[in-house]
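K.L.:
End of the sequence shown = 119 in our numbering, gap-free, step of one. All C-beta atoms in this analysis are idealised placements derived from N, C-alpha and C, irrespective of residue type, glycine included. Bear in mind that the values here come from a model prediction, so they are computed numbers and not experimental data. Sharing a structure here in structure tokens format.
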Amino acid sequence: MKPDDAKRNGVATRVAGDVAILDILGDLTAQTREEVEAAYHHATESGAKKLLLTFTKDAYINSGGIAVIINVAIAGRKHGQKIRIVEPSEHFQKIFAMVGLTQYVEIYTSESEALSGF
Numbered sequence: 002m003k004p005d006d007a008k009r010n011g012v013a014t015r016v017a018g019d020v021a022i023l024d025i026l027g028d029l030t031a032q033t034r035e036e037v038e039a040a041y042h043h044a045t046e047s048g049a050k051k052l053l054l055t056f057t058k059d060a061y062i063n064s065g066g067i068a069v070i071i072n073v074a075i076a077g078r079k080h081g082q083k084i085r086i087v088e089p090s091e092h093f094q095k096i097f098a099m100v101g102l103t104q105y106v107e108i109y110t111s112e113s114e115a116l117s118g119f
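Okay, here's the thing in structure tokens:
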């Protein structure tokens, strides 16, 4: 595989109104944990009370990545934040429900739907 064929993994951040958006790029694993957690902490330190996590269509999330999302959800709850997740695959939606993550975050099928009424 050529280097430019490799999928970029990590996180990009942006703001929409009063919502901090963390775009999870590529795979969410233990290897990308630090970058995602740093983006979350930056958003929190900036005063964000609403966070949106988006995933690329081909995102892969392993157990380390699920742990990252759980940690963000727990921290968000402690900080009084509302967290929504956009476009995880059906498979990951089922896993999120199985591990109880859906008690702490809401899942939406589109970014516009998630931002509406946030």
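(1) Quick one: Cα of V20 to Cα of A49, how far?
(2) Beta carbon of R85, beta carbon of F56: below 8 Å?
(3) Assign I22 to one of two classes, buried (16 or more other C-beta atoms within 10 Å of its C-beta) or exposed (fewer than that).
(4) With distance defined between alpha-carbon atoms, name the residue in R78, G81, N10 and Y61 nearest to E36.
(5) Is G66 closer than 8 Å to L29 when the C-beta atoms are compared?
(6) Using beta-carbon positions only, say whether Y109 and V87 come within less than 8 Å of one another.
(7) Around the C-beta of V73, are 16 or more other C-beta atoms found within 10 angstroms, so that it is buried, or is it exposed?
P.N.:
With the given structure in hand:
(1) Rounded to the nearest angstrom, the two C-alpha atoms are 7 Å apart.
(2) With a cutoff of 8 Å on beta-carbon distance, R85 and F56 are scored as not near each other.
(3) Flag for I22 reads buried.
(4) Selected option, being the one with the closest Cα: N10.
(5) With respect to G66, L29 sits close: the two C-beta atoms are nearer than 8 Å.
(6) Their beta carbons are under 8 Å apart, which means Y109 touches V87 by this criterion.
(7) Only buried fits V73, as 16 or more other CB atoms lie within 10 angstroms of its CB.
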